[in-house]
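Sequence lines, in order, name chains A and B. Quick note, the first sequence lines up with residues 1 to 311 if you use the working numbering. Quick note, the second sequence lines up with residues 1001 to 1311 if you use the working numbering. Following: one structure in structure tokens, then a few remarks.
2 protein chains.
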Amino acid sequence: MGEIAFVAVDWGTTSFRLWAMDADGGVISERHGERGMSTLKPVDFEAVLEESLTALKIHAKVPVVICGMAGAAQGWVEAPYVDLPTRLETIPTYAIQVPLARRDVRILPGLAQRDAGMPDVMRGEETLLLGAALEKGVSGMVCLPGTHSKWVRIEASIVTGFATSMTGEIFDLLAHKSTLAHFICAPLGNLSDNPAFADALKEAIHSPEKILQLLFSVRATPLVMGAKNAANMAARLSGLLIGLEIAGMGQSTGDQVTLISGGVLAQIYARAFDIAGIEPRLLSADEMARAGLLHAARLLWPEQLNRKHDT
Amino acid sequence: MGEIAFVAVDWGTTSFRLWAMDADGGVISERHGERGMSTLKPVDFEAVLEESLTALKIHAKVPVVICGMAGAAQGWVEAPYVDLPTRLETIPTYAIQVPLARRDVRILPGLAQRDAGMPDVMRGEETLLLGAALEKGVSGMVCLPGTHSKWVRIEASIVTGFATSMTGEIFDLLAHKSTLAHFICAPLGNLSDNPAFADALKEAIHSPEKILQLLFSVRATPLVMGAKNAANMAARLSGLLIGLEIAGMGQSTGDQVTLISGGVLAQIYARAFDIAGIEPRLLSADEMARAGLLHAARLLWPEQLNRKHDT
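Here is the structure:
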């Protein structure tokens, strides 16, 4: 394993992941933290970052490259959106250097869709896509599921269009803060093996226009058909919303979609794709983030990161 | 104006409306209160009711008929659902008398759909429908918009099927508790005159399967197209969800729908129907509630309520 050449950070809304990496992209050490963008003021970011770097004993000369919400207008320093169509390899050239920081810190921009279809934005996913395109040659339709799922069309490493589906956020609101909450049994976890998940997924794909009524069935079914049905209602809610997401993206049987995700969410979406007849190619979100940040680091600090390769 | 013959109460989840009425259905006095079912334990209902009756100086011999959530399992006394198909005039025969109450109090049941389509329930709306069928001869499709909008098919005063759309609840969750909330400018009020309402309504009717993506545009549009668009986003959110509701109910240009509602909500839905090419026949929700409760009272206490007619 080499020495630490740079630090890669995926800094999201609710948490961050930080990796100390060698020049070949090997992980030397890592930290996951809860201090996401939404919990921080601009002046807080540097202290949170340096606290992690100190804990990992990382020298002040080691540079840091960040993707995600740290570059939002309400983040650390704004890295303005790059407009579509965007060649993924060029994204790091739009990185912003944090002014007056103790070390060299660069924040990668997000992408904005202004003209090609519905207005939309992403921050963070573009770096995973960069990793997927360079490392795995990904093209075609890519799905990055989550609070705000992104569905992205890539052609020859150019992002030509994308759409955001509020699936995860609406699931959380309905499961925890709505009149359906009473019928959602914890723990949630992987609900996709429950037959109610598959049934609901198919119902939503077949009749997406009825979603406002289908959702109420999560409440009405236990009331009308008996409380024994309550145990299935979390799986039903999940299946309805993921089915609606798939329907909205115009996916159908036989389509191939690259799925960039991890953990339970990856399992749920892989199962959903399977039920919908879509062939998923699963890639690890963490690995793709590191691959994208490695590419960015090599572009930003060519001397430092290519030195080892030359010797 | 006659003397007080009975008291009519529409007791919902978040509030109640109470009318002291004469035997002809004339309103002698009224009270609106905030103590809806969700704020009360079973033992609290009688005190809340008697407080209003005392304030209106109503004698203990005057009976009370109630519709709505007071009859839910978690309400005052459960009035079990009556199954479809249901002849509206027969609903009062299933009323429950509150045991050990200081006065004669009856609670009307709701309706349940067990076999005819998706499981569904209503409580309170059936009494408005009873009023509409008897007083105005309503048949065909009826829409009662709200937190949980009800769309009901009536044929010859028989309820043959209905569906619930979570439109109002999902609007409130997204407008106040989601990542869209930042882009929703108060005050809400009647948003339907904003052209963004009409555009969004048509988009949702045209592409209901894309709703999870259309909803995210409420956030992405101001970010991408400039903050001046933020003022329209509440209207856009409202239009998207009501458009989806209309699409889900299979309504299209030229259809006639009876709209039972009141206040700002009646204006918004009448405008939405107009944009969608649906002809609304607007009836007052309060008037229909009183008409339904009057019919119930006449069935429940024939001597007391028909005495005046006989003389």
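Think of the CB as a built atom: it goes at the ideal place given N, C-alpha and C, for glycine as much as any other residue.
Counting only beta-carbon separations shorter than 9 Å, does residue i have a partner in chain B?
{"i": "A:His295", "result": "no"}
{"i": "A:Ala326", "result": "Since the first residue of chain A shown is 1 and the last is 311, residue 326 of chain A is not available in this structure."}
{"i": "A:Asp310", "result": "Reliability fails at A:Asp310, whose pLDDT of 46 lies under 50, so the model's placement of it is uncertain and no value is given."}
{"i": "A:Ile255", "result": "In the sequence on display, residue 255 of chain A carries Asp and not Ile. For A:Asp255, the answer is no, since every Cβ of chain B falls outside 9 Å of its Cβ."}
{"i": "A:Asp120", "result": "yes"}
{"i": "A:Gly12", "result": "no"}
{"i": "A:Ser15", "result": "no"}
{"i": "A:Ile275", "result": "no"}
{"i": "A:Glu30", "result": "no"}
{"i": "A:Glu287", "result": "no"}
{"i": "A:Val98", "result": "no"}
{"i": "A:Gly26", "result": "no"}
{"i": "A:Val224", "result": "yes"}
{"i": "A:Leu130", "result": "no"}
Could you spell out the range, first to last residue, of the beta strand (DSSP E) harbouring residue i?
{"i": "B:Glu1209", "result": "Per DSSP, B:Glu1209 belongs to no beta strand (DSSP E) and is neither H nor E."}
{"i": "A:His182", "result": "Neither: A:His182 is in no beta strand (DSSP E) and is coded neither H nor E."}
{"i": "A:Ala156", "result": "That residue, A:Ala156, is in no beta strand (DSSP E); it is neither H nor E in DSSP."}
{"i": "A:Ser29", "result": "Val27 to Gly33"}
{"i": "B:Gln1113", "result": "Leu1111 to Gln1113"}
{"i": "B:Gly1017", "result": "Checking the sequence shown, residue 1017 of chain B turns out to be Arg, not Gly. Unbroken beta strand (DSSP E) run through B:Arg1017: Phe1016 to Met1021."}
{"i": "B:Ala1008", "result": "Phe1006 to Trp1011"}
{"i": "B:Leu1144", "result": "Gly1140 to Leu1144"}
Would you say residue i reaches chain A, if we count a Cβ-Cβ gap shorter than 9 Å as a contact?
{"i": "B:Thr1090", "result": "no"}
{"i": "B:Tyr1269", "result": "no"}
{"i": "B:Met1141", "result": "no"}
{"i": "B:Ser1217", "result": "yes"}
{"i": "B:Gln1213", "result": "yes"}
{"i": "B:Tyr1094", "result": "no"}
{"i": "B:Glu1169", "result": "yes"}
{"i": "B:Ser1178", "result": "yes"}
{"i": "B:Thr1164", "result": "yes"}
{"i": "B:Lys1210", "result": "yes"}
{"i": "B:Leu1173", "result": "yes"}
{"i": "B:His1148", "result": "yes"}
{"i": "B:Gly1248", "result": "yes"}
{"i": "B:Glu1245", "result": "yes"}
{"i": "B:Thr1312", "result": "Outside the shown range of chain B (1001 to 1311) lies residue 1312 of chain B, about which nothing can therefore be said."}
Locate the alpha helix (DSSP H) running through residue i, then write down its first and last residues.
{"i": "A:Ile170", "result": "Thr167 to Lys177"}
{"i": "A:Thr54", "result": "Phe45 to Ala55"}
{"i": "B:Arg1106", "result": "From DSSP, B:Arg1106 is part of no alpha helix (DSSP H) but of the beta strand (DSSP E) over Val1105 to Ile1107."}
{"i": "B:Lys1136", "result": "Glu1125 to Lys1136"}
Relative to the C-alpha of residue i, which candidate in the options has its C-alpha closest?
{"i": "A:Thr179", "options": "B:Gly1137, B:Trp1011, B:Asp1172 and B:Pro1195", "result": "B:Asp1172"}
{"i": "B:Ser1238", "options": "B:Ala1227, B:Val1257 and B:Leu1214", "result": "B:Leu1214"}
{"i": "A:Ile107", "options": "A:Glu50, A:Thr93 and A:Asp120", "result": "A:Thr93"}
{"i": "B:Arg1123", "options": "B:Leu1282, B:Asn1306, B:Ala1198 and B:Cys1067", "result": "B:Cys1067"}
{"i": "B:Gly1254", "options": "B:Met1141, B:Ile1170 and B:Asn1229", "result": "B:Met1141"}
{"i": "B:Glu1050", "options": "B:Ala1073, B:Val1009 and B:Gly1075", "result": "B:Val1009"}
{"i": "B:Ala1196", "options": "B:Arg1103, B:Ile1211, B:Leu1240 and B:Gly1168", "result": "B:Leu1240"}
{"i": "B:His1148", "options": "B:Ile1170, B:Lys1136 and B:Gly1131", "result": "B:Ile1170"}
{"i": "B:Gly1263", "options": "B:Arg1114, B:Arg1290, B:Met1288 and B:Ser1284", "result": "B:Ser1284"}
{"i": "B:Tyr1269", "options": "B:Leu1305, B:Met1288, B:Leu1201 and B:Leu1212", "result": "B:Leu1201"}
{"i": "B:Ser1052", "options": "B:Met1037, B:Val1082, B:Ala1020 and B:Arg1236", "result": "B:Ala1020"}
{"i": "B:Gly1025", "options": "B:Glu1203, B:Thr1013, B:Leu1300 and B:Ala1291", "result": "B:Ala1291"}
{"i": "A:Phe16", "options": "A:Val64, A:His32 and A:Gln256", "result": "A:His32"}
{"i": "B:Leu1111", "options": "B:His1176, B:Ser1252 and B:Asp1120", "result": "B:Asp1120"}
{"i": "A:Ser29", "options": "A:Ile4, A:Ala23 and A:Thr13", "result": "A:Ile4"}
{"i": "B:Asn1258", "options": "B:Gly1226, B:Leu1129, B:Glu1078 and B:Ala1289", "result": "The sequence given here has Thr at residue 1258 of chain B, not Asn. Comparing Cα-Cα distances from B:Thr1258 to each of B:Gly1226, B:Leu1129, B:Glu1078 and B:Ala1289, the minimum goes to B:Leu1129."}
{"i": "A:Tyr81", "options": "A:Lys61, A:Met288, A:Glu126 and A:Ser38", "result": "A:Glu126"}
{"i": "B:Arg1035", "options": "B:Gly1226, B:Lys1177 and B:Thr1013", "result": "B:Thr1013"}
{"i": "B:Val1065", "options": "B:Ala1101, B:Ser1217, B:Arg1236 and B:Lys1150", "result": "B:Ala1101"}
{"i": "A:Asp199", "options": "A:Phe6, A:Val7 and A:Asn232", "result": "A:Asn232"}
{"i": "B:Asp1193", "options": "B:Met1118, B:Arg1236 and B:Ala1060", "result": "B:Arg1236"}
{"i": "A:Leu265", "options": "A:Asn229, A:Gly168 and A:Gly250", "result": "A:Gly168"}
{"i": "B:Val1138", "options": "B:Phe1006, B:Val1152 and B:Ile1211", "result": "B:Val1152"}
Below 8 Å, can you find three or more Cβ-Cβ pairs linking the stretch 219-231 of chain A to the stretch 183-201 of chain A?
-> Judged by pairs of C-beta atoms under 8 Å, the stretch 219-231 of chain A touches the stretch 183-201 of chain A, as three or more such pairs exist.
Would you check if there are 3 or more beta carbon pairs closer than 8 Å linking the stretch 1274-1283 of chain B to the stretch 1240-1254 of chain B?
-> Segments in contact, yes.
Cβ contact (3+ pairs, closer than 8 Å) linking the stretch 291-301 of chain A and the stretch 261-274 of chain A = In short, these stretches do not touch, since the Cβ pair count stays below three.
Does the stretch 158-177 of chain A come within contact of the stretch 196-209 of chain A, defined as at least 3 CB pairs closer than 8 Å?
-> Judged by pairs of C-beta atoms under 8 Å, the stretch 158-177 of chain A does not touch the stretch 196-209 of chain A, as fewer than three such pairs exist.
Would the stretch 1152-1159 of chain B and the stretch 1077-1090 of chain B be scored as touching if the rule is three or more Cβ pairs under 8 Å?
-> These segments touch.
Beta strand (DSSP E) segments (min. 3 residues) lying fully within the stretch 223-298 of chain A | As far as the stretch 223-298 of chain A is concerned, its whole beta strand (DSSP E) runs of at least 3 residues are 256-261 and 279-284.
Cβ contact (3+ pairs, closer than 8 Å) linking the stretch 95-111 of chain A and the stretch 67-84 of chain A = Segments in contact, yes.
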